[in-house]
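Note that the protein sequences, when read in sequence, are chains A and B.
Our numbering puts the first sequence at residues 951 to 1027.
Our numbering puts the second sequence at residues -1 to 349.
Using N, Cα and C, we set each Cβ at its ideal position, and we do this for glycine too.
Reviewing the structure listed below.
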Amino acid sequence: MALVTIPDSMWDDDSEGFISSWFYADGDDVVEGDLLAEVMNEKVANELYAPASGVLEIVVAAEEPITKGQLVARIGG
Amino acid sequence: MSSPDTETLEAPAASRQRRLTIARALNEALHQEMAADNSVLVMGEDLGKMGGVWGTTGGLLDAYGAERVRDTPISEAGFIGAAVGMAAAGIRPVVELMFVDFFGVCMNAISSLAAKQSFFSGGKVKCPMVLMTSVGGGYSDAGQHSQCLYATFGHLPGLKVVIPTNAYDAKGMLLSAIRDDNPVVFMFHKGLQGMGWLGTAPGSVVHVPEGDYLVPLDKAAVVREGSDITLVGLGLTTHHAVDAAKVLAKEGISAEVIDLRSIAPLDRETILASVRKTGRLVVADEDYLSYGVSAEVIATACEDSAVKWKSRPRRLAYPDIPIPYSAVLEQEALPNVERLVDLARAAMTEK
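Written as structure tokens, this is what we have:
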């Protein structure tokens, strides 16, 4: 089980962001390095990649507010 | 398709889904076509160094250089006019009018030059250019940045006018548009583009094959089959229609949804085949009501002798007013799922 979180380095301050699009659906097989989602912060799009391979379980839906460090998905083995 | 909100019957099933936003799909199409064809050139405001405000041209400048990826001044009349000349000389320019609302300053180049080049020369001088432009509102950007203006362009002979509804169609239609020898007005809706700050309809993010494929510019798509009523949409209103069909299904009403994809040419046969089957029609359009796409679709069905009407046709469109800045007023005026469902229910209960 790998946890997918918003990296602290994704943007500079502590403002909120949101996932604009998930590129895989809940239950999809993903491969390490896949572009999982686009994360918007202050009108800038950031890319979130899969840290491991397995079955994606989305924790935070698109358009919901998120902060850095937050768990947004799990990847099961 | 296993996309959550849009059933696209034509997209082939893939063993592994590679979902893209429309912005990424358009970017991929441009990269691939510029690699395949040296005559393709991209030109417009903020397309080079910035990569385009709509996410369409990122990476092109580095890959293909400043000769083929040109940042222009804010001079639509100049660079769109130049594109018509380039197209006459054998180049395939893709130019971007950042917001369709700005068409006023460059309409001569579009309607008097691009649209008529082939006709006036007896077919000897073609105009293989693509005019990409953003349309649509819903994010409180007021009356000069929120219009659709589909019908304004669809009304003028000599142009092809298309609008993709999902990323699969976006890539295949842009590849078709670049290879077409006619001028194509390629409209993309801000609410579908995948640029998060405008919101993104989830159904627009679908599987996109990595390779080369074409989606025709003259065919509507039946995105959901049904037997009681036909709902017609284009761009964002197609997504409204799919959502409305899901609501209606819970009430036992089987709605067929047609995505026009192109308004010039308009695929009248697909519309007629559906309305002949259902006998009921509601058209949803985010462009202005009067003299609009909705009227053309309804007229098409009314002129057909084989349609056996079970209720009068109805339309949902933007009222004939400049688009308000106030979010409250704008949302009140925009077509939405609720109003579309109400119209469909009225069509179903009419005696």
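Straight-line gap, B/Leu291 to B/Arg259 (C-alpha atoms, nearest Å): The residue you asked about is not Leu; residue 291 of chain B is Val in the sequence shown. Taking C-alpha positions only, B/Val291 is separated from B/Arg259 by approximately 12 Å.
Alpha-carbon spacing of A/Ser965 relative to A/Gly1019, whole angstroms: One C-alpha to the other measures close to 12 Å.
Any chain A beta carbon closer than 9 Å to B/Gly194: It does: the Cβ of B/Gly194 has a partner Cβ on chain A nearer than 9 Å.
N- and C-terminal bounds of the beta strand (DSSP E) containing A/Glu1007: Unbroken beta strand (DSSP E) run through A/Glu1007: Gly1004 to Ile1008.
Burial state of B/Tyr289, where buried means 16 or more other Cβ atoms lie within 10 Å: Here B/Tyr289 is exposed. Its C-beta has fewer than 16 other C-beta atoms within 10 Å.
Within chain B, partners of A/Met960 - CB distance below 7 Å: The contact set of A/Met960 on chain B, defined by CB atoms closer than 7 Å, is empty, because the minimum CB distance reaches about 14 Å.
is_contact[A/Ser970, chain B] using C-beta, thresh 9 Å: So yes, A/Ser970 belongs to the interface.
Close-in-space but distant-in-sequence residues of the same chain around B/Glu8 (CB under 7 Å, 5 per side omitted): Unreliable placement is indicated for B/Glu8, whose pLDDT of 45 sits below 50; the coordinate value is still reported in the next sentence. Around B/Glu8: Ala219.
Closest by C-alpha distance to B/Asp283, when choosing among B/Thr236, B/Lys275, B/Ala271 and B/Ser272: Of the candidates B/Thr236, B/Lys275, B/Ala271 and B/Ser272, the residue whose Cα lies closest to the Cα of B/Asp283 is B/Thr236.
Reduced DSSP category for B/Val123 - H, G, I as helix; E, B as strand; rest coil: It is coil, neither helix nor strand.
B/Phe118 versus B/Arg278 - alpha carbon distance: One C-alpha to the other measures close to 42 Å.
Through-space distance from A/Asp958 to A/Leu1021, alpha-carbon basis: Our two residues, A/Leu1021 and A/Asp958, have alpha carbons roughly 12 Å apart in a direct line.
C-alpha gap between A/Ile1025 and A/Ile956, whole angstroms: Straight across, the Cα-Cα distance linking A/Ile1025 with A/Ile956 is about 14 Å.
Same chain only: Cβ atoms within 6 Å of B/Ser0, ignoring 5 sequence neighbours per side: With a pLDDT of only 36 at B/Ser0, under the threshold of 50, the placement of this residue in the model should not be trusted; the figure read from the coordinates follows. Here B/Ser0 has no same chain residue with a Cβ atom under 6 Å from its own Cβ, once five neighbours each way along the sequence are excluded.
Cα-Cα separation between B/Phe100 and B/Ile319, rounded to whole angstroms: Distance between the alpha carbons of B/Phe100 and B/Ile319 is about 18 Å.
Cβ-based neighbour list, A/Ala987, same chain, cut-off 7 Å, excluding 5 preceding and 5 following: Within the same chain, and ignoring the five residues on either side of A/Ala987 in sequence, the residues whose Cβ sits closer than 7 Å to its Cβ are Ile969, Ser971, Trp972, Phe973 and Leu998.
Extent of the continuous alpha helix (DSSP H) to which B/Asp60 belongs: Start and end: Leu58 to Tyr62.
Spatial distance of B/Pro333 from B/Val295 (CA atoms): Cα-Cα distance, rounded: 17 Å.
Local conformation of B/Ala27 per DSSP, three classes: When DSSP states are grouped into helix, strand and coil, B/Ala27 belongs to the helix group.
C-beta neighbour in chain A for B/Leu18, strict 9 Å: B/Leu18 counts as touching chain A.
C-alpha distance - A/Trp992 paired with A/Gly967, whole-angstrom precision: For the sequence presented, residue 992 of chain A should be read as Glu rather than Trp. Taking the straight line joining both Cα atoms gives about 7 Å.
Limits of the alpha helix (DSSP H) - the one that B/Gly170 falls within: Per DSSP, the unbroken alpha helix (DSSP H) holding B/Gly170 starts and ends at Ala165 to Arg177.
Same chain only: Cβ atoms within 6 Å of B/Gly192, ignoring 5 sequence neighbours per side: Contacts found: Thr19, Ile20, Ala21 and Thr198.
Beta carbon of B/Glu94 nearer than 9 Å to that of B/Val159: Judged by beta-carbon spacing, B/Val159 lies beyond the 9 Å limit of B/Glu94, meaning their Cβ atoms are not closer than that value.
Cross-chain neighbours of A/Ala995 in chain B, by beta carbon under 8 Å: Ordered by position in chain B, the residues that pass the 8 Å Cβ test against A/Ala995 are Gly53, Met193 and Gly194.
Any chain B beta carbon closer than 9 Å to A/Asp963: No, its Cβ sits nowhere closer than 9 Å to a Cβ of chain B.
Span separating the alpha-carbon of B/Gly42 from that of B/Ser73: In a straight line, the C-alpha of B/Gly42 is about 9 Å away from that of B/Ser73.
Simplified DSSP assignment, three categories, for B/Leu7: Because B/Leu7 sits at a pLDDT of 42, beneath the cut-off of 50, its placement in the model cannot be relied upon, and the following sentence gives the value as read from the coordinates. B/Leu7: coil per DSSP, three-state reduction.
Cβ pair count under 8 Å reaching 3, the stretch 202 to 221 of chain B against the stretch 163 to 174 of chain B: When Cβ pairs closer than 8 Å are counted between the two stretches, the stretch 202 to 221 of chain B is seen to touch the stretch 163 to 174 of chain B, the count reaching three or more.
9 Å Cβ cutoff, B/Pro200 in contact with chain A: At a cut-off of 9 Å between beta carbons, B/Pro200 contacts chain A.
Backbone CA spacing between B/Gly127 and B/His238 [nearest angstrom]: The identity of residue 127 of chain B in the sequence shown is Met, whereas the question assumes Gly. Separation of B/Met127 and B/His238 (C-alpha to C-alpha, rounded to the nearest whole angstrom) is 31 Å.
Opposing strand residues paired with A/Asn996 [DSSP bridges]: Looking at the DSSP assignment, A/Asn996 forms a beta bridge with A/Val989.
Buried versus exposed, by CB contacts within 10 Å (16 or more), B/Lys248: Exposed is the label assigned to B/Lys248, since fewer than 16 other Cβ atoms lie within 10 Å of its Cβ.
Within chain A, partners of B/Gln15 - CB distance below 8 Å: Correct list: Tyr974, Ala975 and Asp978.
Residues near B/Ala315 by beta carbon distance below 6 Å, same chain, minus five either side: Cβ contact annotation for B/Ala315 (same chain, cutoff 6 Å, sequence separation greater than five): Asp283, Leu287, Gly290 and Ser292, in chain order.
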